[in-house]
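So the structure is just underneath, and the comments pick up after that.
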Amino acid sequence: YAANQEVLLNFTPHLIPMNRGILITAYAKLKKGVNEVDVAKAYQCYDDEYFVRVLKSGVLPEVRSVKASNFVDI
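Per my numbering, the very first residue in the sequence shown carries number 266; after that it's consecutive.
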């Protein structure tokens, strides 16, 4: 919808010992000319979402950071 075209998204669930929730890796190729600043702007759509945390560049999500919570780290 936001891309105004079809987007191929790779969605890989990981099998790990967890009681609840899911750990996934999802990625898509960016169009030519799209840079890190553009991606950061796109993530601003989560600014008002209490349980969604967009991590800083270079910081990877960790299960222990969201364990026993409603949070999702991107």
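Positions of the beta carbon are idealized from the N, C-alpha and C atoms, including for glycine. These numbers were taken from a predicted model, which means no experiment stands behind them.
For D338, the beta-bridge partners assigned by DSSP are R318. In this structure, the CA atom of A305 is about 9 Å from the CA atom of S322. According to the DSSP assignment, A291 belongs to the beta strand (DSSP E) that extends over 288–292. Setting aside the 5 residues that flank it on each side, L274 is surrounded in the same chain by A291, Y292, A293, each with a C-beta closer than 8 Å to its C-beta; the list follows chain order.
Taking C-beta separations shorter than 7 Å and ignoring five residues to either side along the sequence, the partners of V317 in its chain run Y311, V337, I339, following chain order.
Its Cα nearest to that of L295, the residue Q270 stands out among L325, E314, Q270.
Bounds of the alpha helix (DSSP H) holding A307 are 301–307.
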